[in-house]
Amino acid sequence: MSIAKENEIQNIVSEILEDYKKDRPIDKAEASTQLDEKAIVDVIQKLLRILYPGYYRRKSYSPHDDYRNLSYFIEVIVFNLSQQVSSVLSRMPEFAEVDEPVIQREAQRLVFEFLHRIPKLRDYVNSDLEAAFDGDPAAKSMEEIVLAYPGLLAITIYRIAHELYTLRIPLIPRMMTEYAHSRTGVDIHPGADIGRYFFIDHATGVVVGETSVIGDHVKLYQGVTIGALSTRGGQKLKGKKRHPTIEDNVTIYSGASILGGETVIGHDSVIGGNSFITQSIKPGTRVSVKNLELQLDESLHETVQSKDLSPEGWIYTI
Amino acid sequence: MSIAKENEIQNIVSEILEDYKKDRPIDKAEASTQLDEKAIVDVIQKLLRILYPGYYRRKSYSPHDDYRNLSYFIEVIVFNLSQQVSSVLSRMPEFAEVDEPVIQREAQRLVFEFLHRIPKLRDYVNSDLEAAFDGDPAAKSMEEIVLAYPGLLAITIYRIAHELYTLRIPLIPRMMTEYAHSRTGVDIHPGADIGRYFFIDHATGVVVGETSVIGDHVKLYQGVTIGALSTRGGQKLKGKKRHPTIEDNVTIYSGASILGGETVIGHDSVIGGNSFITQSIKPGTRVSVKNLELQLDESLHETVQSKDLSPEGWIYTI
Amino acid sequence: MSIAKENEIQNIVSEILEDYKKDRPIDKAEASTQLDEKAIVDVIQKLLRILYPGYYRRKSYSPHDDYRNLSYFIEVIVFNLSQQVSSVLSRMPEFAEVDEPVIQREAQRLVFEFLHRIPKLRDYVNSDLEAAFDGDPAAKSMEEIVLAYPGLLAITIYRIAHELYTLRIPLIPRMMTEYAHSRTGVDIHPGADIGRYFFIDHATGVVVGETSVIGDHVKLYQGVTIGALSTRGGQKLKGKKRHPTIEDNVTIYSGASILGGETVIGHDSVIGGNSFITQSIKPGTRVSVKNLELQLDESLHETVQSKDLSPEGWIYTI
């Protein structure tokens, strides 16, 4: 490397090191308890194989290997997940004075507690799988749903994360649902409370907030928000129920927003696409957008043929 | 490992193995015909290089290698894709009694049939590339579009998947479009029938349903749904035309939803953003949202300065 | 391989090679200056570690390694990014006659110029991190935001890309923001001009156009479009201000669209969800959708219980 280049690099490094000393949140540098995102994704992958024993397998797999494979997966999960849980526990104020081996034992206890819940988890996930097949005429087989439906993937990862969340493990559940968000466009907070037979079709853009309560047999389409009315209160709103309650057998079509912690959508209701709802809806109600009239301008016919529309020529009446 | 820990793991494994015996869809365990998602993604990657010979190359590539490279790519695709097609065919009822070598020959025949269609495929994809460049003033070069436009990527993978779909190969086309969905946020069902010069700008959140018919020179923006009116009929609706027809030269702006199997958007129409359309529209019509009035509350000026809005203080009139 | 199979492959290769000769945009084959997407992603990853020194580290990291690590990262970035910048410069018309070493020196000069801006970049990114924490009651810690908020990731990558864009480096900034788009569903054009304390909650589906101007303390929710009114003019509109100006302290709720180069949203305004705005709004205004009335059909109660709704039975009034 030329001396000029080396000097430039050294200057840049010095500028950045100087900048690190400003003690802002971004300058945080304690690294000993860093979480390992790859380890968490690996835990998710192994859990998916455990949940769906016949779908996510390698070709070389033989059904006779069930016992051996499961033992191996569980061992790896116990090791990796305990380590990550240990890491997040050790930075909580209530564990500040606690010895490392005690924290590790507590982490392992939580992981075992979680693993004992797998049969319950599979029961929920099986209901979601059935809901997806029953609800979509484009679905050709159960296998297609497991292998190609992002909605089911997002729900399954949410269900895993939710169990860890109810065990009061911080941060890791959120990293899991964000992994799902990144892969599927579905953002379900692990704190949400969601019943059986839950289905999200087409998936992209769905948001379900932290304090949402959703019953059984609920079906959402792409772009649906189950959200808060306003978060201008910021951190002062922490812990309050800020998101709606959706009762059993409700269908919510694409692009609809249901907002507010006191909003309840009664059971057996159907919410039309693009609806915007901030008040409670009685059971058995069909809601659709009414006054969204369209302006039809049929004189356009020639103009588009003869010349480009200038931006000014294009009017949206509001 | 401590004995206590080993016992716990063994208990968990036993609980899960017991749970596998319940014979629900989730318990499905036949593994011999599993599809290999990585092999399918590899086929897509190689096809992208074949379709766009100058764009997806490694630095070390020399144009003189065209023949050798192509032969290699085609050989690998024939091998991998035939294997996957064999695997999906062998589980179809009509092949239940057929010998493995016969299925393999049929799979290879379909793959060759598909590969002979590459020039036709490139003709369509070239028209999509031109549509993207002509349609977006932010596009600086063709290369930018190939390398950085998720809309073109999603359309190209759809075009590959659609050819396999018309050859009646199950499941694999859906896995391909879901790979595109995951990378781009665009969910085009491989069954959709889409003309030349198709462009999707910004891409995220677009959904095009299985029985949609779309003409030439159609342009969609982010968040557009070409969908079904209701899928409450579930699996009973299978095979029916449930999605709209969009004729030539139609532009559909962001967030618009066009729904229903009998809805036809006439040629040369322009559909404004956030429109919600469930009826047919005559050719040459410009549609925009009309009665979506806004409530302006200018007294807010001081309040936002002096105090936070409580969630109750924030009103959406519906 | 059987001779029949080998012949088929040779035929297919010949058909494709023949097709490559048609000289359409898709047939472009000059490969010597290809960009390396993996190298660009690696540059982003290293920059994220430099920007957030305490968050993206490996477990094995020790804070005492700061100097050595930084030097290493900077050296790798100088090498890889200069190579990519060289590659894009060399195909610009103004460099057509320029010698390779001159282009390489210019590329390296631009990369050093960029790296000197890292402290300024960290100042902006720190303000974004604070905005995210202050603005979201669901956020439990700064660390959760860095590790699990796609909005912050998208903004950070945009900020990197924007610096390269202002240095007039073509294509690479767009590849960077598209990498962010693919991971987060947020599509911010590197040309947009965005102030400090910028926050995007839930992220998916946000689009911010090339000529947008956004002030300080602006907060967006999922599905917001800051877009152009019409791009029917296509390449003829290149360079014009086509996207809105959003002044300081504006909050824009989910699904809202703000369109047009002359549209200005005055400071301290609040734009309600699903709004559709193509005209300027005075400072301190609260905008919400007014006439979007809902049609409630409570007679549905029995029907959903007793029979499936046929698609015809489902009415959206428009």
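Protein chains in written order, with our numbering: chain L, -15 to 302; chain C, -15 to 302; chain A, -15 to 302.
Every residue, glycine too, gets a C-beta built ideally from N, C-alpha and C.
Please read these numbers as outputs of a predicted model, since none were measured by experiment.
Exercise. Is the shortest distance between the beta-carbon of M126/A and the beta-carbons of chain C less than 9 angstroms?
Worked result: The residue labelled residue 126/A in the question sits at position 142 within the third sequence. Interface residue (Cβ-Cβ distance to chain C less than 9 angstroms): M126/A is not classified as such.
For this session: With a threshold of 16 other CB atoms inside 10 Å of the CB of Y56/L, please say whether the residue is buried or exposed.
Result: As a first step, residue 56/L is located in the first sequence; it is residue number 72 there, counting from the start. Burial is judged here by how many other beta carbons sit within 10 angstroms of a residue's own beta carbon; Y56/L has fewer than 16 and is exposed.
Exercise. With a cut-off of 8 angstroms, do at least 3 Cβ pairs link the region 149 to 163 of chain C to the region 118 to 138 of chain L?
Worked result: Contact between the region 149 to 163 of chain C and the region 118 to 138 of chain L is established, with three or more Cβ pairs separated by less than 8 angstroms.
For this session: Pick out whichever of Y181/A, Y36/A, V190/A, D11/A has its Cα sitting closest to the Cα of Y36/C.
Result: For the purposes of this step, residue 36/C is identified with residue 52 of the second sequence, where counting begins at 1. Taking the Cα of Y36/C as reference, the smallest distance to any Cα among Y181/A, Y36/A, V190/A, D11/A is reached at D11/A.
For this session: Please check if any C-beta of chain C sits within less than 9 angstroms of the C-beta of F260/A.
Result: The residue given as residue 260/A occupies position 276 in the third sequence. Put simply, the CB of F260/A is near chain C, with a gap under 9 angstroms to one of its CB atoms.
Problem set entry | Under the three-state DSSP convention, the category K5/A falls into | Residue 5/A sits at position 21 when you count from the first residue of the third sequence. Three-state DSSP puts K5/A in a helix.
Exercise. Between which two residues does the alpha helix (DSSP H) harbouring G133/L extend?
Worked result: If you number the first sequence from 1, residue 133/L lands on position 149. Per the sequence shown, residue 133/L should be read as Tyr rather than Gly. DSSP places Y133/L outside any alpha helix (DSSP H), giving it a letter other than H or E.
For this session: Express the C-alpha separation of T262/C and I210/A in angstroms, rounding to a whole number.
Result: Stepping through the third sequence from its first residue, residue 210/A is reached at position 226. Stepping through the second sequence from its first residue, residue 262/C is reached at position 278. Rounded to whole angstroms, the separation of the alpha carbons of T262/C and I210/A is 27 angstroms.
Exercise. Going by alpha carbons, who is nearest to Y205/A out of D171/A, S196/A, T188/A, K6/A?
Worked result: Residue mapping note: residue 205/A aligns to position 221 of the third sequence, counting from 1. Out of D171/A, S196/A, T188/A, K6/A, T188/A has the C-alpha closest to the C-alpha of Y205/A.
For this session: Could you tell me which chain C residues have their CB closer than 8 angstroms to the CB of S166/A, listed as they occur along the chain?
Result: Mapped onto the third sequence, residue 166/A falls at position 182. Those within 8 angstroms of S166/A in chain C are P134, R167, T168.
For this session: Closer than 7 angstroms by beta-carbon distance: list the chain L residues that pair up with V(-3)/C, in chain order.
Result: Position 13 of the second sequence, counting from 1, holds the residue named residue -3/C. Correct list: Y51, L54, S55, I58.
For this session: Indicate whether D112/L and T140/L have their beta-carbon atoms separated by less than 9 angstroms.
Result: By 1-based counting over the first sequence, the position of residue 112/L is 128. By 1-based counting over the first sequence, the position of residue 140/L is 156. For the pair D112/L and T140/L, the CB atoms are nearer than the 9 angstroms cut-off.
Exercise. Buried or exposed: which applies to S196/C, given that a residue is buried once 16 or more other Cβ atoms fall within 10 Å of its Cβ?
Worked result: Here residue 196/C corresponds to residue number 212 of the second sequence, with the count starting at 1. So S196/C ends up on the buried side.
For this session: Would you verify that the beta carbon of K209/C is, or is not, closer than 9 angstroms to some beta carbon of chain L?
Result: As a working mapping, residue 209/C is identified with position 225 in the second sequence. It should be pointed out that residue 209/C corresponds to Thr in this sequence rather than to Lys. Under the Cβ criterion of 9 angstroms, T209/C is counted among the residues facing chain L.
Exercise. Using a Cβ cut-off of 7 angstroms, which residues of the region 179 to 202 of chain A contact any Cβ in chain L, in chain order?
Worked result: For the region 179 to 202 of chain A, the set of residues with a beta-carbon nearer than 7 angstroms to any beta-carbon of chain L comprises H186, T188, G189, in chain order.
Exercise. Between V254/L and the rest of its own chain, which residues show a CB-CB distance below 6 angstroms, the 5 nearest in sequence each way excluded?
Worked result: Counting from 1 along the first sequence, the entry for residue 254/L is found at position 270. Excluding sequence positions up to five before and after V254/L, its CB lies within less than 6 angstroms of the CB of T235, R270, all in the same chain and listed in chain order.
Problem set entry | Interface flag, V273/C vs chain A, CB-CB below 9 angstroms | For the purposes of this step, residue 273/C is identified with residue 289 of the second sequence, where counting begins at 1. Yes, because at least one Cβ of chain A sits closer than 9 angstroms to the Cβ of V273/C.
Problem set entry | Identity of the residues DSSP links to D185/C by a beta bridge | Taking the first residue of the second sequence as 1, we reach residue 185/C at position 201. Answer is Y205/C.
Exercise. When the cut-off is 9 angstroms and only beta carbons count, does I0/L lie next to chain C?
Worked result: The residue given as residue 0/L occupies position 16 in the first sequence. Taking 9 angstroms as the threshold, the shortest C-beta distance from I0/L to chain C does not fall below it.
For this session: Identify whether L243/L lies in helix, strand or coil by the three-state DSSP scheme.
Result: Translated into the one-based positions of the first sequence, residue 243/L becomes position 259. Strand at L243/L.
For this session: Please indicate yes or no: does the CB of Y39/C lie closer than 8 angstroms to some heavy atom of the ligand PLP?
Result: Ligands displayed in this structure: none; no statement on the ligand PLP is therefore possible.
Problem set entry | Spatial distance of N275/A from N258/A (CA atoms) | Position 291 of the third sequence, counted from the first residue, corresponds to residue 275/A. Position 274 of the third sequence, counted from the first residue, corresponds to residue 258/A. For N275/A, the predicted structure reports a pLDDT of 40, less than 50, and the residue's modelled location is therefore unreliable. A value from the coordinates is still provided. About 12 angstroms.
Problem set entry | Complete runs of the alpha helix (DSSP H) confined to the region 57 to 127 of chain A [at least 4 residues] | Within the region 57 to 127 of chain A, the complete alpha helix (DSSP H) segments at least 4 residues long are 84 to 100, 102 to 119, listed from N- to C-terminus.
Problem set entry | Inter-residue spacing [alpha-carbon to alpha-carbon] between L309/L and V95/C | Chain L is shown from -15 up to 302; residue 309/L falls before or after that span and cannot be answered.
For this session: Using DSSP bridges, identify the partner residues of S171/L.
Result: Counting from 1 along the first sequence, the entry for residue 171/L is found at position 187. Note that residue 171/L is Asp in the sequence shown, not Ser. Partner(s): V191/L.
Problem set entry | R33/C, enclosing beta strand (DSSP E) - first and last residue | Translated into the one-based positions of the second sequence, residue 33/C becomes position 49. Where R33/C is concerned, there is no enclosing beta strand (DSSP E), although the alpha helix (DSSP H) around it starts and stops at 21 to 35.
Exercise. Between the region 137 to 168 of chain C and chain L, which residues of the former have CB atoms less than 7 angstroms from a CB of the latter, in chain order?
Worked result: If you check each beta-carbon in the region 137 to 168 of chain C against every beta-carbon of chain L, the ones closer than 7 angstroms belong to P154, L155, R158, M159, E162, H165, S166.
Problem set entry | Close Cβ partners of Y4/L (< 6 angstroms) along its chain, the five nearest in sequence each way excluded | Mapped onto the first sequence, residue 4/L falls at position 20. D11, listed in sequence order.
Exercise. Leaving out five residues before and five after T168/A in sequence, what residues of the same chain have Cβ atoms less than 8 angstroms from its Cβ?
Worked result: Sequence index remark: in the third sequence, residue 168/A carries index 184 (1-based). The answer, listed in chain order, is P134, G135, L137, A138, A187, T188.
Problem set entry | Per-residue DSSP class, three states only, for I198/A | The residue you call residue 198/A lines up with position 214 of the third sequence. Here DSSP, grouped into helix, strand and coil, assigns I198/A to strand.
Exercise. Is there a Cβ from chain D that is less than 9 angstroms from the Cβ of N110/A?
Worked result: Reference to chain D is not applicable here, since the protein chains of this structure are L, C and A.
For this session: Evaluate contact between the region 99 to 112 of chain L and the region 163 to 182 of chain L, counting only Cβ atoms and requiring at least three cross-stretch pairs below 8 angstroms.
Result: The answer is yes - the region 163 to 182 of chain L touches the region 99 to 112 of chain L, with three or more Cβ pairs under 8 angstroms.
For this session: Determine the burial state of E(-8)/L: buried for a count of at least 16 other Cβ atoms within 10 Å of its Cβ, exposed for fewer.
Result: By 1-based counting over the first sequence, the position of residue -8/L is 8. E(-8)/L is buried by the Cβ-count criterion.
For this session: If I'm right that E61/L touches V27/L with Cβ under 8 angstroms, what's the distance once you round it to whole angstroms?
Result: Residue mapping note: residue 61/L aligns to position 77 of the first sequence, counting from 1. Residue mapping note: residue 27/L aligns to position 43 of the first sequence, counting from 1. Here residue 61/L turns out to be Ile, not Glu, going by the sequence shown. The Cβ separation is near 6 angstroms, so the contact holds.
Exercise. What residue does the beta strand (DSSP E) around R152/C start on, and which one ends it?
Worked result: One-based indexing of the second sequence puts residue 152/C at position 168. Run containing R152/C: none; DSSP gives neither H nor E here.
Exercise. Given I(-13)/C, which residues of its chain have a CB within under 8 angstroms of its CB, disregarding the five upstream and five downstream residues?
Worked result: To locate residue -13/C, count along the second sequence from 1; it is residue 3. Once the five neighbours on either side are set aside, I(-13)/C has no close Cβ partner at all.
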